[in-house]
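J.: Number 206 in full-length UniProt numbering belongs to position 206 of the sequence shown; there are no gaps in the numbering.
Dumping the structure here so I can ask a few things about it.
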Amino acid sequence: MQRTFLQPVHGAPHPKGLSTSMNKTMASATHAVADIPAGATLAVGGFGLSGVPDTLIQALHEQGADDLEVVSNNCGVDGRGLGILLASGRISRVTGSYVGENKEFARQYLSGELEVELVPQGTPAERLRSGGTGIPAFYTPAGVGTQVATGGLPWRYAPDGTIALASPPKETRDFDGRTHVLEHAITTDYALVRAWRGDHHGNLVFHRAAANFNPLAAMAGRITVAEVEDLVEPGELAAGHVQVPGIFVQRVVQLSPAQAADKPIEKRTVRSR
Numbered sequence: 001m002q003r004t005f006l007q008p009v010h011g012a013p014h015p016k017g018l019s020t021s022m023n024k025t026m027a028s029a030t031h032a033v034a035d036i037p038a039g040a041t042l043a044v045g046g047f048g049l050s051g052v053p054d055t056l057i058q059a060l061h062e063q064g065a066d067d068l069e070v071v072s073n074n075c076g077v078d079g080r081g082l083g084i085l086l087a088s089g090r091i092s093r094v095t096g097s098y099v100g101e102n103k104e105f106a107r108q109y110l111s112g113e114l115e116v117e118l119v120p121q122g123t124p125a126e127r128l129r130s131g132g133t134g135i136p137a138f139y140t141p142a143g144v145g146t147q148v149a150t151g152g153l154p155w156r157y158a159p160d161g162t163i164a165l166a167s168p169p170k171e172t173r174d175f176d177g178r179t180h181v182l183e184h185a186i187t188t189d190y191a192l193v194r195a196w197r198g199d200h201h202g203n204l205v206f207h208r209a210a211a212n213f214n215p216l217a218a219m220a221g222r223i224t225v226a227e228v229e230d231l232v233e234p235g236e237l238a239a240g241h242v243q244v245p246g247i248f249v250q251r252v253v254q255l256s257p258a259q260a261a262d263k264p265i266e267k268r269t270v271r272s273r
């Protein structure tokens, strides 16, 4: 059965655009994630360590919700980003493109503790964007001729190393003589993103490569929470610079100067002098 994260945990309708107040600023990250329940689905922005909503992730870790199903390009690294939730056993399923440098991610997946749906990198990006724009599914050539389309990719291993759960085959269709595979849109209960600038209405601007998956995750979440490095008054952001309109964002958290400046580098390479 294809899992597409199309239903909220409690069956509530999609709240985009239905905020009762234009001022969406929350007192703290703790308040912003307080109602995220066990079993929630989350879209999380970031790529590697760039643009990761670390403060919100840390607040969620302290809040204690578990059995979380996460959609993100990767799952952080050991001790950073989503890797914090992963190491404490809070994540039960990941949809992403890259295991990366996270040894604990690889260990949990191969030992059967974690369900993982690995997909070509552009596919989750478009699945999130489609979810945010109301497109239920789309065809793409990415994955045709592989187990992405034919099924059989290990989603979960058994403790003995055999495949306990495999991906199902997907519908394919030819367009102009080329085969495409059907991919379903993703919407999630919540989305956690990080923005460079934002205002009290939830309009967001991202800095260069830190945009990555953040705008797409923000669109896909039924309740989107944004941590913002520089929070400004409504009207201060030029309309043409806004990358995510406030209609997609329900909660805004202003970062402290120390939190805003905390931007680690995943790998630093220098040459010998």
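Quick reminder that beta carbons are idealized off the backbone N, C-alpha and C, glycines included.
Just mark proline 124 as buried or exposed, buried being the case when its beta carbon has 16 or more other beta carbons within 10 Å.
T.: Its Cβ being crowded by 16 or more others within 10 Å, proline 124 is buried.
J.: Name the two residues that bound the continuous beta strand (DSSP E) containing tyrosine 190.
T.: Segment 188 to 199, the beta strand (DSSP E) holding tyrosine 190.
J.: Which first and last residues belong to the beta strand (DSSP E) in which proline 154 is found?
T.: Residues 154 to 157.
J.: I need the straight-line Cα distance from residue 274 to asparagine 73, nearest angstrom please.
T.: The structure shown does not extend to residue 274, since the chain is modelled only from 1 through 273, so no value can be given for it.
J.: Hey, is the segment 210 to 226 in contact with the segment 249 to 265, meaning 3+ C-beta pairs nearer than 8 Å?
T.: Contact between the segment 210 to 226 and the segment 249 to 265 is present, because at least three Cβ pairs lie under 8 Å.
J.: According to DSSP, simplified to helix, strand and coil, what is glutamine 254?
T.: Looking at glutamine 254 - three-state DSSP - the assignment turns out to be strand.
J.: Which whole-angstrom value describes the C-beta separation of alanine 217 and valine 99, a residue pair presumed to lie in contact below a C-beta threshold of 8 Å?
T.: With 8 Å as the limit, alanine 217 and valine 99 do not qualify as a contact, their Cβ atoms being about 19 Å apart.
J.: From this set, Ser167, Arg173, Ile163, which residue's C-alpha is nearest valine 144's C-alpha?
T.: The shortest Cα separation from valine 144 among Ser167, Arg173, Ile163 belongs to Arg173.
J.: Suppose you measure from the CA of glutamine 108 to the CA of arginine 156; what does that come to, to the nearest Å?
T.: About 10 Å.
J.: What first and last residue would you give for the alpha helix (DSSP H) that runs through histidine 61?
T.: First-last of the alpha helix (DSSP H) with histidine 61: 54 to 63.
J.: If glycine 132 and alanine 220 are in contact, beta carbons under 8 Å, what's the gap, nearest whole angstrom?
T.: About 5 Å separates the two Cβ atoms, so the contact holds.
J.: Taking glycine 223 as part of the beta strand (DSSP E), name the residues at either end of that continuous run.
T.: Correcting the residue identity first, residue 223 is isoleucine in this sequence and not glycine. Where isoleucine 223 is concerned, the enclosing beta strand (DSSP E) stretches over 221 to 232.
J.: Taking the alpha-carbon of threonine 41 as reference, which of Ser50, Met22, His61, Ile91 has the nearest alpha-carbon?
T.: Comparing Cα positions, the closest option is Ile91.
J.: If alanine 137 and leucine 182 are in contact, beta carbons under 8 Å, what's the gap, nearest whole angstrom?
T.: About 6 Å separates the two Cβ atoms, so the contact holds.
J.: Based on the DSSP output, what are the partners of glutamate 183 in its beta bridges?
T.: Bridge partners of glutamate 183: Phe138.
J.: Between which residues of its own chain and glycine 96 is the CB-CB distance below 6 Å, once the five residues before and five after are set aside?
T.: Within the same chain, glycine 96 has close Cβ partners Ser72, Asn73, Asn74.
J.: Go through its chain and collect everything with a Cβ distance to valine 244's Cβ below 6 Å, but skip five positions before and after it.
T.: Within the same chain, valine 244 has close Cβ partners Leu204, Pro215, Ala218.
J.: For glycine 122, report the span of its alpha helix (DSSP H) as first-last.
T.: It spans 122 to 133 - the alpha helix (DSSP H) in which glycine 122 sits, taken as one unbroken run.
J.: Rounded to a whole number of angstroms, what is the C-alpha to C-alpha distance between glutamate 113 and isoleucine 186?
T.: Their backbone Cα atoms lie some 23 Å apart in a straight line.
J.: Distance, Cα to Cα, isoleucine 265 vs leucine 49?
T.: About 7 Å.
J.: Based on the DSSP output, what are the partners of isoleucine 36 in its beta bridges?
T.: Its beta-bridge partners do not exist; DSSP assigns none.
J.: Nearest-angstrom Cα distance between glutamate 104 and alanine 87?
T.: Rounded to the nearest angstrom, the two C-alpha atoms are 7 Å apart.
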